[in-house]
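Notes follow once the structure below has been shown.
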Amino acid sequence: MTNSAFSGNATHSSLATRLATSGSVNPETFHFTLPADQRPDFVPLKEELHPAFGWLTKNRARSRGRDVFESIDTIVIHATAGYATKHAVDTWKERKASAHWIIPDENEAEHGHFIWAMVAESKAAYHVGNVDYASILGEGLNVNDRSLGVELVNTQNVQYFRDPYSQWQIDMLARIVLYAWAKYPNLKHVISHAKLDPARRSDPGENFPWEAFKHKVLSQSVLNERHPLVFETSASSVTSDTDSLNLAVTTRAGHCCEP
Ligand SMILES: [Zn+2]
């Protein structure tokens, strides 16, 4: 997150323009399917095991009850509603919650370098509650048993503060989807938590550029871009992409959220 969006009418009107040009903004509509005949062969993923990976896999996940390659047909996009990976991990240790990956925010040292693996893919993480999913995903296993969960570290909207997603976060999310699509032959649904559970959840929120993300996945264009996990990403390269996202990443991270 950055502090670039704090108050001021000019900032808000430019945000409105950005949201209007970035496609749909209602996170309850965020859902698309992956065409089986365009499945990529293999997509590498530079991930690091989070220090809590073992504990979370043991204590905040369960058996899928079926072979992982058969069971996964859905990937669910979340946002943490906080500004640091640590906040999500602390919450997961207190409550029965988890997800398979966390994509760090731009005020974290890992941003631009790697994503965190939090729970083994072979296990079902606890990232969606008890919802009526069959009308959306079709009959089958419980949504956690059939899905992978990805958390983006992002505060979403807090009063007058709106936290834009970074280009790197969107690229990494697209790459995770393509990695999983290549790996799991039945993966079909890419969907927001808000769509699955609109009564209780709105993540990844209205700031999430779903149309741009969807295009990166379906065109697989992110695979042709300079690999941000191999070549170190500088602050300037994060802001150099002037596509429709037009992210207002203007300040060095780390200053935005200190009390
Ligand atoms: Zn969520």
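Taking the UniProt record's numbering, the leading residue of the sequence shown gets 1, the next gets one more, and so forth. Don't be surprised by glycine CBs; every beta carbon is placed ideally from N, CA and C. Computed from a predicted model, the values in this text were never measured in an experiment.
For residue 124, which beta-bridge partners are listed by DSSP? 62, per the DSSP bridge assignment.
Checking 8 Å against the spacing of the C-beta atoms, do residue 222 and residue 180 come in under that value? Residue 180 is positioned such that its CB atom lies no closer than 8 Å to that of residue 222.
Sorry if obvious, but does the Cβ on residue 203 come closer than 7 Å to a heavy atom of ligand 1? Residue 203: yes, Cβ under 7 Å from ligand 1.
Between 97, 88, 182 and 108, which lies nearest to residue 39 when the distance is taken from Cα to Cα? Comparing Cα-Cα distances from residue 39 to each of 97, 88, 182 and 108, the minimum goes to 182.
Spatial distance of residue 74 from residue 186 (CA atoms): Between the alpha carbons of residue 74 and residue 186 lies a distance of about 8 Å.
Would you mind sorting residue 209 into buried or exposed? The rule is 16 or more other CB atoms within 10 Å of its CB. Burial call: buried.
I need the straight-line Cα distance from residue 188 to residue 30, nearest angstrom please. Annotation: residue 188 to residue 30 spans about 14 Å, alpha carbon to alpha carbon.
Sheet register partners of residue 149 (DSSP bridge): According to DSSP, which records beta bridges pairwise, residue 149 is partnered with 76.
Report the rounded CA-to-CA distance for residue 92 versus residue 37, giving the unit in angstroms. Whole-angstrom Cα-Cα distance: 37 Å.
Tell whether a beta-carbon distance below 8 Å holds between residue 156 and residue 207. In contact: residue 156 and residue 207 (Cβ atoms closer than 8 Å).
For the beta strand (DSSP E) containing residue 49, list its first residue and its last residue. It spans 47 to 49 - the beta strand (DSSP E) in which residue 49 sits, taken as one unbroken run.
Quick one: give me the first and last residue of the beta strand (DSSP E) that residue 193 is part of. For residue 193, there is no enclosing beta strand (DSSP E); the residue is part of the alpha helix (DSSP H) that begins and ends at 193 to 196.
Just the C-alpha distance for residue 202 and residue 28, rounded to the nearest angstrom, thanks. Whole-angstrom Cα-Cα distance: 7 Å.
Any contact between the region 103 to 116 and the region 145 to 160? By contact I mean 3 or more CB pairs, one from each, below 8 Å. In this structure the region 103 to 116 touches the region 145 to 160; the number of beta carbon pairs closer than 8 Å is three or more.
I need the DSSP call for residue 155, collapsed to helix, strand or coil. Three-state result, residue 155: coil.
Can you find a heavy atom of ligand 1 that lies under 7 Å from the Cβ of residue 189? No, Cβ of residue 189 sits at least 7 Å from all heavy atoms of ligand 1.
Rounding to the nearest angstrom, what Cα-Cα distance links residue 45 and residue 112 in this structure? The straight-line gap from Cα to Cα measures roughly 13 Å.
Inspect the beta-carbon positions of residue 126 and residue 96 and report whether they are closer than 8 Å. Yes, the pair counts as a contact, with Cβ atoms nearer than the cut-off.
I'd like the list of long-range same chain contacts for residue 140, defined as Cβ closer than 8 Å, with 5 residues on each side in sequence excluded. Counting only Cβ-Cβ distances below 8 Å, and skipping sequence neighbours, we find 73, 134 and 146.
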